[in-house]
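For reference, the structure discussed in these notes is given below.
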Amino acid sequence: MKFRKYWRAFVRNRNLLIGSIMVLSIVLVAILAPLIAPYPYAQAHMADALQPPSAKYWFGTDDFGRDTFSNVIYGAQPALRVALIAMLIELGLGIVLGLIAGYFGGIVDRIVSFAADLTWSMPPIVLSMAVITILGKGLDNVIIAIALVSWAQYTRVVRVKTQAFHAMPFVETAIAFNEKDISIMFRYIFPNVLPSIIVLASLSIPQTIMSTTALNFLGLGAQPPTPDWGYALSNSFSYITRAPWLAIFPGIALVYTVFGFNLFGEGLRDLLDPRMKV
Amino acid sequence: MSNYFLKRLSQGFLLILTVSILVFSMMHMMPGDPIDLMVDRRVSQERRDEMRAQYGLDKSLPEQYLMWLKRVFQGDLGTSIRMRQPVTKIFGERLPVTLKICGISLLLELLIAIPIGLLAAYKKGGLFDRITMSLSLFFAAIPSFWTAVMLILIFGVTLRCLPISGFSTPAHYILPIVSMVLGTMASTIRMTKTEVLDVLHEKYIRTAYAKGLAEKQVLVRHVLRNALVLVTVMVFMNIPWLIGGAVIIENIFVIPGMGSLLTNSILNQDFAVVQACVLIISALTVLCNLICDMVTAILDPRIRDSMGGDNA
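As they're listed, the protein sequences go chains U and D. Residue numbering for the first sequence follows the working numbering, beginning at 12 and increasing consecutively. Residue numbering for the second sequence follows the working numbering, beginning at 193 and increasing consecutively.
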């Protein structure tokens, strides 16, 4: 029994360990991009257009002879920036509103839920596209669009869980003992909701990266010459038969990033989820 | 109980109303003259003024909204300035395609994901659980558009055994649907497992065991039934993502559905079509959420009581 417990703890930590290393490596690549990349990302070598991977161009070149490796390296920057900004906005909004709505109920709950339902009443990508239609194309507008879309998922989960815990004896006891509302929300309920938030947040960074990349893929976000994996992938589409490396490498970078964040989140969850240690 | 359903229905109505107001105001939130969004740039000034009067753009906003709403209910969603066709007619051709793809994908996904999630939760920590979780973690990291590109590369370009664009034979369905299912399945499996685990930790499950019920009975009558509530929520939460997935997949595989229509209309600044797409897709999603809440309430009396009883 003991062995299995330690074995599981080890597996968990391994997720966290590998995830942390992957995330750290992406952050480092983003920061050190100018040092790692052999060429500036927008530099065209027209004579070397659509070259397969070689010693000179590790991941090959695109239709303008731009180095795919440099492009992939620099692509880490917008990916991380967008994900972080959007996530901070979403989390703050989502958690606070969810706790308030779930705890107080009544009219407050109804207003918050209505706002959440409103954003939820459109598929995320469609709402983002509607926002982008109004604001115009561009990476900043993509961040706004994604944050406007995603806060509701936290609110929804936090609200439902808060409602559930509100009815539980330990919260009822706290109420009976005249504990302050804010204390019940954050000391009694919040720790119990936290695991769900972490699972959601751990899925949120990669999800945000994916949503941004998807919007860029559709040509609504980052405009060239911004180095972006989504844009690179959509561009690769025209050369899929002649230059498959254009489709493969930005995709691998994207999957590596998302997978790293997923592992990290998963490891973190297992570490912080009190019920799983029983 | 009927109180709850009535309340939920009125909520849904209010939601659609608000969405319609927002969709209507899109036109006025955009920079420039709304008339430019409705007619082509080459149209003469006289025709523009005529249109302006016809659509009541000189009237107040609430009046304009009511006129717009009336037209929508009469089935007039405007005219596409690029395709020179009524939007309603375009939708008639496009909507069934998207619904078909989404429907097949959802069905496939549930048939695969729910049993896997259940089994993984039940045998938590076992080999099956560990393999499933690792795989789903890996697949969760692959965006559907890259899956699609890789599938095209493998089956379309290298093996040349499946068509990579268009929508004429059943073989054309395979790659788009596989890409869509792979895109959302991982998270569905993970969620199912999490929710089932939650149920397994409940006290009534222990009670069920304690009173001597057979394992199978506990699983089917208590765990499955309660997990189903959460699975229902997930299914309907999934629908927006499926439609979102369809937007991307339709673009890649050049499928004439709502998703590719929406993208092309945004890129071509064909505003009437964008507005109508957002309206129809939102209305569909609201409807799905409504059904979800109804089903949840039927399955779990606690939710029904807590929501229906607060001012009864």
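Where is the CB? At the ideal position from N, CA and C, for every residue including glycine.
Alpha carbon to alpha carbon, what distance is there between U:G109 and U:V168?
When rounded, the distance between both Cα atoms is 7 Å.
For the region 307-339 of chain D, enumerate the residues whose C-beta is nearer than 7 Å to any C-beta of chain U, in chain order.
Of all residues in the region 307-339 of chain D, G317, L329, F330, A332, A333, I334, P335, F337, W338 have a Cβ within less than 7 Å of some Cβ in chain U.
For D:T324, collect the residues of the same chain with a Cβ closer than 7 Å to its Cβ; drop the 5 residues on either side in sequence, then sort them by chain order.
Exclusion of the five residues before and after D:T324 leaves I308, A312, I381 as the residues of its chain whose Cβ lies within less than 7 Å of its Cβ.
Assigned secondary structure, D:T210 (DSSP; H/G/I helix, E/B strand, else coil):
D:T210 falls in the helix class under three-state DSSP.
Identify the residues that DSSP records as bridge partners of D:Q277: which are they?
Beta-bridge annotation (DSSP): D:Q277 is paired with D:S272.
Who are the neighbours of U:I251 on chain D, taking C-beta pairs under 9 Å?
Under the 9 Å cutoff, chain D gives V341, I344, L345, G348, V349, I356.
Evaluate the contact criterion for the region 28-39 of chain U versus the region 64-77 of chain U: three or more CB pairs, one atom per stretch, below 8 Å.
With the cut-off at 8 Å, the region 28-39 of chain U and the region 64-77 of chain U do not touch.
Residue burial classification, D:A541 (beta-carbon count within 10 angstroms, cutoff 16):
A question about residue 541 of chain D goes unanswered here, because the residues of chain D that appear run from 193 up to 504.
Excluding five sequence neighbours on each side, which residues of the same chain lie with their C-beta closer than 7 Å to the C-beta of U:L274?
Around U:L274, the same chain offers N26, I29, G30, M33 as residues with beta carbons nearer than 7 Å, after the five sequence neighbours per side are excluded.
By Cβ distance, which residues of its chain are closer than 6 Å to U:R286, with the 5 residues on each side in sequence left out?
Bear in mind that the predicted position of U:R286 carries a pLDDT of just 48, short of 50, making it unreliable; the figure below should be weighed with that in mind. Listed in chain order, the non-local C-beta contacts of U:R286 below 6 Å within the same chain number zero, local neighbours out to five positions each way being set aside.
Kindly indicate the opening and closing residues of the alpha helix (DSSP H) around U:E180.
It should be pointed out that residue 180 of chain U corresponds to Pro in this sequence rather than to Glu. Run containing U:P180: 180-187, per the alpha helix (DSSP H) assignment.
Assuming contact is defined by CB atoms lying nearer than 8 Å, are U:G71 and U:A60 in contact in what I supplied?
No, the Cβ-Cβ distance between U:G71 and U:A60 is not below 8 Å.
Where D:L411 meets chain U, residues with beta-carbon distance less than 8 Å
Within chain U, no residue comes near D:L411; the closest Cβ sits about 20 Å away, beyond 8 Å.
In or out: U:F176 buried (at least 16 other Cβ within 10 Å) or exposed?
Looking at its Cβ environment, which holds 16 or more other Cβ atoms inside 10 Å, U:F176 is buried.
Chain D contacts made by the region 91-122 of chain U, where a contact means CB separation under 8 Å
If the cut-off is 8 Å between Cβ atoms, the region 91-122 of chain U has G116, G117 near chain D.
CB-CB length for U:F228 against U:G241, believed under 8 Å:
Cβ-Cβ separation between U:F228 and U:G241: approximately 4 Å, consistent with a contact (criterion under 8 Å).
Beta carbons nearer than 7 Å to chain D: which residues of the region 251-273 of chain U have them?
If the cut-off is 7 Å between Cβ atoms, the region 251-273 of chain U has I251, T252, P255, A258, G262, L265, V266, V269, F270, N273 near chain D.
Unbroken alpha helix (DSSP H) run spanning U:G241, endpoints:
For U:G241, the enclosing alpha helix (DSSP H) stretches over residues 240-247.
Let me know the alpha helix (DSSP H) ranges lying completely inside the region 379-412 of chain D, each 4 residues or longer, listed in chain order.
Listed in chain order, they are 395-402.
Below 8 Å between beta carbons is the criterion; list the residues of the region 215-234 of chain U that meet it against any residue of chain D, in chain order.
Result list: P217, M221, T224, A225, F228, L229, G230, L231.
So D:L454 contacts chain U; which residues on that side make the cut at Cβ distance below 8 Å?
Think of a sphere of 8 Å around the beta carbon of D:L454: the chain U residues whose beta carbon falls inside it are V137, M140, in chain order.
Residue range of the alpha helix (DSSP H) that includes D:S336
Looking at the DSSP string, the run of the alpha helix (DSSP H) that includes D:S336 is 336-343.
Could you give the residue range of the alpha helix (DSSP H) that holds D:M426?
For D:M426, the enclosing alpha helix (DSSP H) has its first and last residue at 417-445.
Straight-line CA distance for D:R234 to D:A438?
Spanning the two alpha carbons is a distance of roughly 34 Å.
Rounding to the nearest angstrom, what Cα-Cα distance links D:P335 and D:H414 in this structure?
Using only the alpha carbons, I get a separation of about 35 Å.
Please decide whether U:V210 counts as near chain D, where near means a Cβ-Cβ distance under 8 Å.
At a cut-off of 8 Å between beta carbons, U:V210 contacts chain D.
Roughly how far, in whole angstroms, is the beta-carbon of D:F445 from the beta-carbon of D:I483, given that I think they are within contact range, below 8 Å?
That pair is no contact at about 29 Å.
Please report how far the alpha carbon of U:V204 lies from the alpha carbon of D:Q277, in whole angstroms.
U:V204 and D:Q277: Cα-Cα distance of roughly 51 Å.
Write down the C-beta distance between D:A406 and D:A378 rounded to the nearest angstrom, noting that I regard them as a contact closer than 8 Å.
A Cβ-Cβ distance of about 33 Å is found for the pair D:A406 and D:A378, leaving them out of contact under the 8 Å criterion.
Backbone CA spacing between D:V264 and D:L209 [nearest angstrom]
D:V264 and D:L209: Cα-Cα distance of roughly 12 Å.
List the whole-angstrom C-beta distance separating U:I200 from U:T173, where the pair is believed to meet the contact cut-off of C-beta under 8 Å.
That pair is a contact at about 5 Å.
Of the residues D:I282, D:G270, D:P355, D:D241, the one placed nearest D:M450, counting alpha carbons only:
Residue D:I282 is the option with its Cα nearest to D:M450.
First through last residue of the alpha helix (DSSP H) which encompasses D:R240
Here the alpha helix (DSSP H) through D:R240 covers 237-246.
My understanding is that U:M98 touches U:T223, with C-beta atoms under 8 Å, so please give their C-beta distance in whole angstroms.
Actually they are not in contact, since the Cβ atoms of U:M98 and U:T223 sit about 11 Å apart, beyond 8 Å.
Could you compute how far the alpha carbon of D:T339 sits from the alpha carbon of U:A258?
Going from the Cα of D:T339 to the Cα of U:A258 covers about 11 Å.
So, using beta-carbon positions, are D:M230 and D:Y257 closer together than 8 Å?
No, these two residues do not count as a Cβ contact at 8 Å.
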